[in-house]
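Engineer: Protein sequences, first through last, are from chains A and B. Sequential numbering from 1 applies to the first sequence in our numbering. Sequential numbering from 1001 applies to the second sequence in our numbering. No residue lacks a Cβ here, since even glycine has one placed at the ideal position from N, Cα and C.
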Amino acid sequence: MTASSPAVAAPQRYLETQIRWHSLEIAFWLAALLPFVVTPNYLQLASQIAITALFALSLDLILGYAGIVSLGHAAYFGFGSYTAGLLAKHGWGEPLSGLLIAAVAAGLLGYATSFIIARFRHLALIMITLGLGLLLAEAANSASWLTGGADGLQGVRMWKLLGIFEFDLYGYVGYSYSLVVLFLTFLVARRLINSPFGLALRGIRENAVRMPAIGAPSTAHIRKIYTIAAVMAGIAGALLAQTTETVSLETLSFQRSADVLVILILGGAGRLYGGIIGTIIYMVARDQFSGTTPQYWYFWIGALLVAVVIFLPNGILGGLARLTDHWRGRA
Amino acid sequence: MSTSALSTRGLDKSFGSLVVAKNIELNLPQGERYALIGPNGAGKTTLINLMTGMLRPDGGRIFLGADDITALKPEERVKRGLVRTFQINTLFPHLSALEAVTLAVCERRGYAGNWRQKLPAYRDAIEEAYAILVSLRLGASCYRPTHELAYGQQRLLEIALALATRPQVLLLDEPAAGVPHDESAELFAVIANLSRDIAVLFIEHDMNVVFRFANRIIVMVGGRILVEGTPSEIAADVRVREVYLGKARHG
Chain A
1 MTASSPAVAA
11 PQRYLETQIR
21 WHSLEIAFWL
31 AALLPFVVTP
41 NYLQLASQIA
51 ITALFALSLD
61 LILGYAGIVS
71 LGHAAYFGFG
81 SYTAGLLAKH
91 GWGEPLSGLL
101 IAAVAAGLLG
111 YATSFIIARF
121 RHLALIMITL
131 GLGLLLAEAA
141 NSASWLTGGA
151 DGLQGVRMWK
161 LLGIFEFDLY
171 GYVGYSYSLV
181 VLFLTFLVAR
191 RLINSPFGLA
201 LRGIRENAVR
211 MPAIGAPSTA
221 HIRKIYTIAA
231 VMAGIAGALL
241 AQTTETVSLE
251 TLSFQRSADV
261 LVILILGGAG
271 RLYGGIIGTI
281 IYMVARDQFS
291 GTTPQYWYFW
301 IGALLVAVVI
311 FLPNGILGGL
321 ARLTDHWRGR
331 A
Chain B
1001 MSTSALSTRG
1011 LDKSFGSLVV
1021 AKNIELNLPQ
1031 GERYALIGPN
1041 GAGKTTLINL
1051 MTGMLRPDGG
1061 RIFLGADDIT
1071 ALKPEERVKR
1081 GLVRTFQINT
1091 LFPHLSALEA
1101 VTLAVCERRG
1111 YAGNWRQKLP
1121 AYRDAIEEAY
1131 AILVSLRLGA
1141 SCYRPTHELA
1151 YGQQRLLEIA
1161 LALATRPQVL
1171 LLDEPAAGVP
1181 HDESAELFAV
1191 IANLSRDIAV
1201 LFIEHDMNVV
1211 FRFANRIIVM
1221 VGGRILVEGT
1231 PSEIAADVRV
1241 REVYLGKARH
1251 G
């Protein structure tokens, strides 16, 4: 009744090419190994970058794909961080199981809050996520008997990774660990984005009004991705606690929520690599500037943010994509 | 007369003092083609919003077949086969036409929550989506982002998305809105060719189209159903002439 079989295979092939691994992607992940040989003195920084990139990736899943704006995403990062830190402080310093438990804890918190999140959009959503973030930060501050309050959580002692690798001062093990976890989580995120569920998320972002009219349970989708994003943020937080062997209130702070949003907007939301690229630029720039003129650091970030939003509304990656489109001569 | 696919009993809705639906008693039999006409502001789109659950009625009940669906959410009504399109394009601008229709098929087949497998692995859904697009002559343009499609193609995609849900009852809110006159006949030919299993109710201002494609016509004025009948009955009705055909002719 319809076209012959090769014609039917064409749409499937088209969808295959949409999600194929690009050679630049492979080059990017190989380049992530460069710090081991090129800048071995900066492995601690590289580890922090990998952790923040994972955090940004988790925000990208809800903001860039499902269109959920959050100003309180640090809640899940910090919750994972404290969970892993407290576990290690109180006698269970095994990193991988600690990471897993922190992920589950952050996921449960994400699932609980997702029932509120899924009911709102736009400004109300920003205020609610902001409020939830502040709530948790203040709770951690006042529960200083548990969290150490403003002094931070001291006495976190990690066991050897896999029973073999001791976390060292130079960050060899730290960066290896963070990078592997980032890469594995990235693979999960990439698969998720290219799945039917990922398509449904893009549908919510593109037109929330039409979704119910095609029979889509948008709120159920939102609850699900919000929980998954919380798990990933919790993993990132746990990585920070485990590699630095301390947890501070800063992991829950509004500043961290705002920073990761800035990072994602700079790099380009909804592009999977936007958060990672944004993190590299942001953190390397911060490291460089704070060495010379720390008091002006946010001046430059402010200027960069304004410039990017005006001239590259889809972030740095969006701008690059447009440039390469131009190059190939679409005209 | 065959069994009713969609019906309402005493449906009421007002916004403050403005009555937009008053005691609406509607009965749409299986497989019929109904036109809903009336002057601007008569409450035609509101009625679609009420029946599809996008608005909550102040009173009255809505039945799909024998089931009371008054309390169901919009997406639950779609799952049961009550589907609408929009007067103003309500599409997914940055999804390709193929992706958009595949999404609707995946939602119906219960794939849309799956995130462990790649989309191309769901070959049956993709093939079905592509077949729908081909049947609406969108096959060649289905790889382009929706916002790059010509306006008339976007109107067709509105219908394609609705068809992907396998409707029992299809409510079309001015499917040819903004489409040039000659193309609108083409668009209605598509609607006329829809399976006779689907009951169709369409809102349309062009009387030539209405009289050509509808088995029966419902005339709404001021939130009330004024009269319902066959095209010839409506054409001969004095009240309809007075309030509608006689006064404002809408293009």
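So which residues of chain B does ALA208 (chain A) contact, with C-beta pairs closer than 8 Å?
Structural biologist: Under the 8 Å cutoff, chain B gives no residues; its nearest Cβ is about 10 Å from ALA208 (chain A).
Engineer: Under the DSSP definition of a beta bridge, which residues are partnered with ARG1061 (chain B)?
Structural biologist: ARG1061 (chain B) pairs with B:ARG1009.
Engineer: Determine, using beta carbons only, whether GLY171 (chain A) comes closer than 8 Å to chain B.
Structural biologist: False, the Cβ-Cβ gap to chain B never drops below 8 Å.
Engineer: Terminal residues of the continuous alpha helix (DSSP H) containing TYR82 (chain A)?
Structural biologist: 74–89 is the span of the alpha helix (DSSP H), which, as asked, contains TYR82 (chain A).
Engineer: Less than 8 Å between CB atoms is the rule here; does ILE1225 (chain B) satisfy it with respect to chain A?
Structural biologist: By this cut-off, ILE1225 (chain B) is not an interface position.
Engineer: Please go through the same chain and pick out, in chain order, the residues whose beta-carbon is closer than 8 Å to the beta-carbon of ILE265 (chain A), but skip the five residues on each side of it.
Structural biologist: So the qualifying residues of the chain are GLY278, LEU305, VAL308, VAL309, GLY315.
Engineer: List the residues of chain A whose Cβ lies closer than 7 Å to the Cβ of GLN967 (chain B), in chain order.
Structural biologist: Outside the displayed span of chain B (1001 to 1251) sits residue 967 (chain B), for which this structure offers no information.
Engineer: Closest to TYR177 (chain A) by C-alpha separation, out of A:ALA140, A:LEU96, A:LEU261, would be which residue?
Structural biologist: It is A:LEU96.
Engineer: Between GLN12 (chain A) and ILE1126 (chain B), is the Cβ-Cβ spacing less than 8 Å?
Structural biologist: Closer than 8 Å, so yes.
Engineer: Are there 16 or more other CB atoms within 10 angstroms of the CB of LEU33 (chain A), so buried, or fewer, so exposed?
Structural biologist: Classification for LEU33 (chain A): exposed.
Engineer: Using alpha carbons as the reference points, say which of B:PHE1211, B:PRO1039, B:VAL1020 lies closest to ARG1056 (chain B).
Structural biologist: Here the closest residue by C-alpha is B:VAL1020.
Engineer: How is PRO1167 (chain B) classed by DSSP in three states: helix, strand or coil?
Structural biologist: In the structure shown, PRO1167 (chain B) sits in coil (DSSP, three-state: anything other than H, G, I, E or B).
Engineer: If you draw a straight line from the alpha carbon of ILE193 (chain A) to that of TRP1115 (chain B), how long is it in whole angstroms?
Structural biologist: Taking the straight line joining both Cα atoms gives about 8 Å.
Engineer: Looking at chain B, which residues of the region 259–288 of chain A have a Cβ within less than 8 Å of any of its Cβ atoms?
Structural biologist: Flagged: no residues at all.
Engineer: Looking only at its chain, what residues have a beta carbon closer than 7 Å to the beta carbon of ARG286 (chain A), apart from the 5 residues adjacent to it on each side?
Structural biologist: Excluding positions up to five away in sequence, the list reads TRP297.
Engineer: Reducing DSSP to helix, strand and coil, say where ASP1256 (chain B) ends up.
Structural biologist: The structure shown does not extend to residue 1256 (chain B), since chain B spans only 1001 to 1251, so no value can be given for it.
Engineer: Mind pulling the chain B residues with CB within less than 7 Å of LEU340 (chain A)?
Structural biologist: Lying before the first or after the last residue shown, residue 340 (chain A) is absent from chain A, which here runs from 1 to 331.
Engineer: Decide if the region 1147–1157 of chain B is in contact with the region 1091–1103 of chain B; the criterion is three or more beta carbon pairs, one per stretch, under 8 Å apart.
Structural biologist: In short, these stretches touch, since the Cβ pair count reaches three.
Engineer: Got a sec, what are the start and stop residues for the alpha helix (DSSP H) GLY274 (chain A) sits in?
Structural biologist: It spans 274–292 - the alpha helix (DSSP H) in which GLY274 (chain A) sits, taken as one unbroken run.
Engineer: Excluding the five sequence neighbours on either side, which residues of its own chain have a C-beta within less than 6 Å of the C-beta of ARG1224 (chain B), listed in chain order?
Structural biologist: Only LYS1022 meet the Cβ criterion.
Engineer: Using 10 angstroms around the beta-carbon of THR244 (chain A), count the other beta-carbons present and answer buried if the total reaches 16, otherwise exposed.
Structural biologist: Classification of THR244 (chain A): buried, given that the 10 Å Cβ count is 16 or more.
Engineer: Let me confirm a value: GLU1148 (chain B) is counted as buried when at least 16 other C-beta atoms fall within 10 Å, else exposed. Which label applies?
Structural biologist: Looking at its Cβ environment, which holds fewer than 16 other Cβ atoms inside 10 Å, GLU1148 (chain B) is exposed.
Engineer: Assign PHE186 (chain A) to one of three DSSP states: helix, strand, or coil.
Structural biologist: Correct three-state label for PHE186 (chain A): helix.
Engineer: Counting only Cβ-Cβ distances shorter than 9 Å, please list the residues of the region 1084–1100 of chain B near chain A, keeping chain order.
Structural biologist: So the close ones are ARG1084, THR1085, PHE1086, THR1090, LEU1091, PHE1092, PRO1093, HIS1094, LEU1095, SER1096, LEU1098, GLU1099, ALA1100.
Engineer: Near ARG1144 (chain B), which residues of its chain fall below 8 Å by C-beta distance, leaving aside the five closest residues on each side in sequence?
Structural biologist: SER1096, ALA1097.
Engineer: Which first and last residues belong to the alpha helix (DSSP H) in which GLY203 (chain A) is found?
Structural biologist: First-last of the alpha helix (DSSP H) with GLY203 (chain A): 196–206.
Engineer: Excluding the 5 residues preceding and the 5 following PRO6 (chain A) in the sequence, name in chain order all residues of the same chain whose CB lies nearer than 6 Å to its CB.
Structural biologist: No answer about PRO6 (chain A) holds up, because its pLDDT of 47 lies below 50 and its placement is not dependable.
Engineer: Touching or not, the region 58–76 of chain A and the region 116–130 of chain A, by the rule of three or more beta carbon pairs under 8 Å?
Structural biologist: Yes, they touch.
Engineer: To the nearest angstrom, how far is it from the Cα of VAL1238 (chain B) to the Cα of ARG205 (chain A)?
Structural biologist: Computed Cα separation, rounded: 49 Å.
Engineer: For the candidate residues B:ALA1192, B:LEU1171, B:ALA1214, B:PHE1211, whose alpha-carbon lies nearest to that of LEU1082 (chain B)?
Structural biologist: With distances taken between Cα atoms, LEU1082 (chain B) lies closest to B:LEU1171.
Engineer: What number of angstroms, rounded off, separates the C-alpha of THR2 (chain A) from the C-alpha of GLY1139 (chain B)?
Structural biologist: Low per-residue confidence applies at THR2 (chain A): pLDDT is 43, beneath 50, and the placement is therefore not dependable, though the value from the model is reported in the following sentence. The alpha-carbon atoms of THR2 (chain A) and GLY1139 (chain B) are separated by roughly 11 Å.
Engineer: When the cut-off is 8 Å and only beta carbons count, does ARG119 (chain A) lie next to chain B?
Structural biologist: No, ARG119 (chain A) lies away from the interface with chain B (no Cβ there is under 8 Å from its Cβ).
Engineer: Once the 5 residues before and after LYS160 (chain A) are set aside, which same chain residues still bring their CB inside 6 Å of it?
Structural biologist: Around LYS160 (chain A): GLU166.
Engineer: So, is the C-beta of ALA216 (chain A) closer than 8 Å to a C-beta in chain B?
Structural biologist: Chain B contact via Cβ: present.
Engineer: Counting only Cβ-Cβ distances shorter than 8 Å, please list the residues of the region 1188–1208 of chain B near chain A, keeping chain order.
Structural biologist: Of all residues in the region 1188–1208 of chain B, none has a Cβ within less than 8 Å of some Cβ in chain A.
Engineer: Looking at C-alpha atoms only, which residue of A:LEU45, A:PHE183, A:ILE62 is the closest neighbour of TYR282 (chain A)?
Structural biologist: Comparing Cα positions, the closest option is A:LEU45.
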